[in-house]
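*Asks:*
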Amino acid sequence: MKTLKNLIASKHQTKASRFLGYLMPFSDFEKTLMALKKEHFKAAHFVTAFRYCLEGKITEGFSDDGEPKGSSGMPMLSVLRREDLINIGLVSVRYFGGTLLGVGGLMKAYAKSALLCVENAQRENAFKDFVELETLSAHYSYKELDALQREIKKFSLQLSKKNFSNQSVEVEISGARENLQAFLQQNKIN
Numbered sequence: 001m002k003t004l005k006n007l008i009a010s011k012h013q014t015k016a017s018r019f020l021g022y023l024m025p026f027s028d029f030e031k032t033l034m035a036l037k038k039e040h041f042k043a044a045h046f047v048t049a050f051r052y053c054l055e056g057k058i059t060e061g062f063s064d065d066g067e068p069k070g071s072s073g074m075p076m077l078s079v080l081r082r083e084d085l086i087n088i089g090l091v092s093v094r095y096f097g098g099t100l101l102g103v104g105g106l107m108k109a110y111a112k113s114a115l116l117c118v119e120n121a122q123r124e125n126a127f128k129d130f131v132e133l134e135t136l137s138a139h140y141s142y143k144e145l146d147a148l149q150r151e152i153k154k155f156s157l158q159l160s161k162k163n164f165s166n167q168s169v170e171v172e173i174s175g176a177r178e179n180l181q182a183f184l185q186q187n188k189i190n
């Protein structure tokens, strides 16, 4: 399985509709989707697909965002599956060009958006081998939280969950095993 190092974009046009594709690491998916909705506020649709793995379980999903059911998100998800990509989010922004494409035309156009992103990523050598993430839980005081977030970033880890209580913050930190071990050693956590 492969995953992605950084954001990759593509664009194409089908019968006057413009399709802007964005392939990204899953950790950036929600943030990137919100930014795209602000940047492309006049776009008609923001179709999405994603695949990620956590603790050995693959989770997948898609959204047709108002396009006919199964006509857009599923073809993009099929590309992610076929290319064996994981921990990846995909957004295709459509600017409607005035011509209805029909379900078959939409399926081809959205699949093309995904395929162009994959081809661009291959051309830019943006794929890397997937390393399954491990997760640990720990409690920190509120005053330690800022320093903790800097350390998490320094070791290429992700803060996947925060639960606040009166006294402390319980966090879940995930990342590659070797990065977690280095983080634990550096921060003297057992």
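Going letter by letter, the sequence shown gives residues 1 to 190 in the UniProt record's numbering.
Beta carbons are placed, not taken as given, at the ideal position from N, Cα and C, and that holds for glycine.
Look up E67 in the DSSP assignment and say whether it is helix, strand or coil.
*Replies:* coil
*Asks:* Where does V93 sit, in a helix, a strand or coil, going by DSSP?
*Replies:* Strand at V93.
*Asks:* Should L100 and P68 be called a contact, given that it needs their Cβ atoms to be closer than 8 Å?
*Replies:* no
*Asks:* Hey, would you say Q149 sits closer than 8 Å to L159, going by beta carbons?
*Replies:* yes
*Asks:* Is the separation between the beta-carbon of Y95 and that of A43 shorter than 8 Å?
*Replies:* In this structure, A43 lies closer than 8 Å to Y95 by Cβ.
*Asks:* Quick check: what's the CA-CA separation for S141 versus Y110?
*Replies:* Each residue's Cα considered, the two are about 46 Å apart.
*Asks:* From this set, Q181, N187, K31 and G175, which residue's C-alpha is nearest C53's C-alpha?
*Replies:* Looking from the CA of C53, the closest CA among Q181, N187, K31 and G175 belongs to G175.
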